[in-house]
Amino acid sequence: MDTILKTNALVKKYGDATILKNINMTINRGDIYGFVGKNGAGKTTFMRTVLSLTNPTSGEIKLFGDKTIEEVGLRVGSLIEAPGLYKNATAYENLKRFSIIYGADEDKIPEILELVGLANTGNKKAKDFSLGMRQRLGIAIALLGDPEILLLDEPINGLDPAGIKDIRDLILKLNKEKSITFLISSHLLDELAKVVTKYGFINNGTLFEEIEAKKLLEKCKQQVIIEVDDTKKALSILETMIDKKIIKTKDNTIIIDSKEDTAFINTKLVNGGVSVSSIYNNSISLEDYVMERIGA
Amino acid sequence: MKRLVKLQLRNLFSLKSFYICSALMLLSPIINLVASLLIKKEFTATFIPEVSSLLSSTEILITVVIVLFACLDSNDGTLKNIISRGYTKKQYLLSKYIVALVATLIMYLVPIILTFVITIGNGMGFESKYIYYILAYLMQIGATICLYVVLSYIFEKIGPSMVACLIGPNIIGTALPLLQLLVKTKKINIANYWITNIAGNAIVKSPDIVNLLVVAGLSVVYIIGLLSLGLYLGKKKEVK
């Protein structure tokens, strides 16, 4: 598979604080990669580091094989934090100016403005735009020059429900029709879940899980919850039957992240001398699953 | 790089302050002429004092335009749109400097030509030293503009950059005689080598090719030194 972005042991430190800890991320062509984590987990810092807006402390960033951002920057579009706009210029003028340095076709500007819903802004200057309009203009700038990958940091911030749907549809359309790859960070998990094909979970600067969206949905479907009197003893029995990576404990409760035969587990535990007060299969929502993982 | 220069030219020509300050600069020699005629009832000024007066009285206008222009991308947050598409900070800083020079030339050239026409038209005659004088000042301006661009690049925001550019060079210019006292040498006048004095001291006293080359050399040293310093200080800076 064609790798668009790959980072190897990426580390970013600010003084004594380590913001990114050995991040190994792989994004393949066509992915819509959902980057999920709490505020301050390191999502924006990661994106800024990839885009060379801040220097990594150590590690490697490779784009389109083994290229650096300086070599392939024109193939990478981005919207990081607040959109960078010439405040005294109109939406059209903003796109015109950036089209000069992005090598974009000026004739496509009306089409892009139409695409993001800013075709009728006329002579209104960017400084007079609403938060949602600025966000849309930021996305329009990111789309200039037909980039092959788009890095969008909270792209639906400030958008109304109709705007959120527009951007979601736009992401899906660009991904499907133009094979544009996306790296999107968002707190709105439900919205993210509607477009994402792969997830990356980050917590305290550590990318601890990368998983295909389909597999994640499977995982979300079932959990086995067991309440026991002796967690330690129960764990030693369960680990002989089930991969220990999917077993977690919380006080006297054991959670197994998969669908299992509860009757069989119950028998094994009781025979092993563990008193089981309850055992049942439980479905969890994607949001609960993610929140649990990112420690929110 | 060519694209960046093109973008920066577009940014420059979008600045209202550029047009306002250019118009005020253009008015400057005309106001001088009218004021002389009204007060002294005659116009006796020669080219060099007139240009000298023009340069010092309009310096603040140039500073305002250059700082507003140089800070535009960091102030509007558009610098990240440039760097994230693969352009380097070096290319960005150079493009800013090139276009700032263009802006300065545009703003100075017409008033200087106008001053020349007024003084020559007044029967003051043309002297070859005018060429040395103009060239030396253009070189000094090139170095001073570099200082403004680099300070704006380092301070990023308009307020601190404006203060640094308006006050900084003068403070250093004032402090240098004190340094002279500390160094206790009379062989070299340190203040003469400060960026805002290199043309005046070398050329006004003795307008010849040797002094012109000295000014050229010092200007180049200042420009390279300032750009290198700016890039060094900006290297580890985050792009906001």
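Residue numbers (the working numbering), protein chains in the order written: chain A, 296 to 591; chain B, 15 to 254. The beta-carbon is built from N, C-alpha and C at its ideal position, and this holds for glycine as well. Because the structure is a prediction, the values reported are computed rather than measured.
Closer than 7 Å at the beta carbon, the chain A residues around residue i
i	result
B:Leu226	In chain order: nothing, as chain A lies at least about 37 Å away.
Cβ-Cβ distance between residue i and residue j below 8 Å
i	j	result
A:Gly495	A:Val345	no
B:Ala84	B:Tyr162	yes
B:Ala213	B:Met153	yes
B:Leu86	B:Leu241	no
A:Asn383	A:Lys422	yes
A:Asn350	A:Leu502	no
B:Leu82	B:Ser31	yes
B:Ser109	B:Leu18	yes
A:Ile451	A:Glu409	no
B:Gly187	B:Thr210	yes
A:Thr476	A:Ile356	no
A:Leu478	A:Leu446	yes
B:Ala150	B:Leu165	no
A:Thr352	A:Lys308	yes
A:Ile594	A:Glu443	Examination of residue 594 of chain A is not possible in this model, given that chain A is present from 296 through 591 alone.
B:Cys160	B:Ile76	no
A:Asn498	A:Ala336	yes
A:Ile434	A:Leu374	yes
A:Ile549	A:Leu530	yes
B:Gly91	A:Ala377	yes
B:Ile97	B:Lys103	yes
A:Thr557	A:Asn577	no
A:Lys554	A:Gln517	yes
B:Met39	B:Pro125	yes
A:Val585	A:Ile560	no
A:Ser425	A:Glu449	no
A:Lys528	A:Gly568	yes
Contacts that residue i makes with chain B (C-beta to C-beta distance below 7 Å)
i	result
A:Leu346	Ser98
A:Glu365	Gly100, Thr102
Interface partners of residue i on chain A, CB under 9 Å
i	result
B:Val253	Arg343, Leu346, Ser347, Leu348, Thr349
B:Lys94	Arg343, Leu346, Leu348, Ser373, Ile375, Glu376, Gly379
In DSSP terms, what residue i is bridged to
i	result
A:Phe424	DSSP output for A:Phe424 lists no bridge partner at all.
A:Glu365	Paired residues: none, contrary to the question.
A:Gln518	A:Asn577
A:Asn452	None; A:Asn452 has no bridge partner.
A:Val523	A:Val571
A:Asn303	A:Glu355
A:Leu445	A:Gly372, A:Phe477
A:Glu502	The sequence given here has Leu at residue 502 of chain A, not Glu. In the DSSP output, where bridge partners are listed per residue, A:Leu502 has A:Ile497.
A:Val331	A:Phe496
B:Tyr111	Bridge partners of B:Tyr111: none, in fact.
B:Leu47	DSSP output for B:Leu47 lists no bridge partner at all.
B:Tyr33	DSSP lists no partner for B:Tyr33.
A:Ala312	A:Tyr309
A:Glu507	A:Lys493
B:Ile94	It should be pointed out that residue 94 of chain B corresponds to Lys in this sequence rather than to Ile. Beta-bridge pairing links B:Lys94 to no other residue.
A:Ile318	A:Leu305
A:Lys382	In DSSP, A:Lys382 forms no bridge with anything.
Neighbour list for residue i in chain B, Cβ cutoff strictly below 9 Å
i	result
A:Leu511	Within chain B, no residue comes near A:Leu511; the closest Cβ sits about 29 Å away, beyond 9 Å.
A:Gly368	Ile97, Ser98, Arg99, Gly100, Tyr101
Interface residues of the stretch 15 to 38 of chain B facing chain A [CB-CB below 9 Å]: Under the 9 Å Cβ criterion, the stretch 15 to 38 of chain B contributes Arg17, Leu18, Lys20, Leu21, Arg24, Asn25, Ser28, Leu29, Lys30.
The stretch 80 to 91 of chain B: positions lying closer than 7 Å to chain A by Cβ: So the close ones are Asp90, Gly91.
Whole runs of the alpha helix (DSSP H) within the stretch 123 to 209 of chain B, excluding any shorter than 4 residues: For the alpha helix (DSSP H) assignment, the uninterrupted runs of no fewer than 4 residues enclosed by the stretch 123 to 209 of chain B are, from N- to C-terminal side, 143 to 169, 172 to 197.
Under 7 Å (Cβ pairs) to chain A, residues found in the stretch 235 to 250 of chain B: Residues Lys250.
Where the stretch 382 to 400 of chain A meets chain B: residues whose CB sits under 9 Å from a CB there: Answer in chain order: Lys382, Asn383, Ala384, Glu388, Asn389, Lys391, Arg392, Phe393, Ile395, Ile396, Tyr397, Gly398.
Near-chain B residues of the stretch 416 to 437 of chain A (beta-carbon distance less than 7 Å), N- to C-terminal order: The stretch 416 to 437 of chain A vs chain B, Cβ under 7 Å: Ile436.
Ordered list of alpha helix (DSSP H) runs contained in the stretch 220 to 253 of chain B, each at least 4 residues: Counting only runs of 4 or more, we get 223 to 249.
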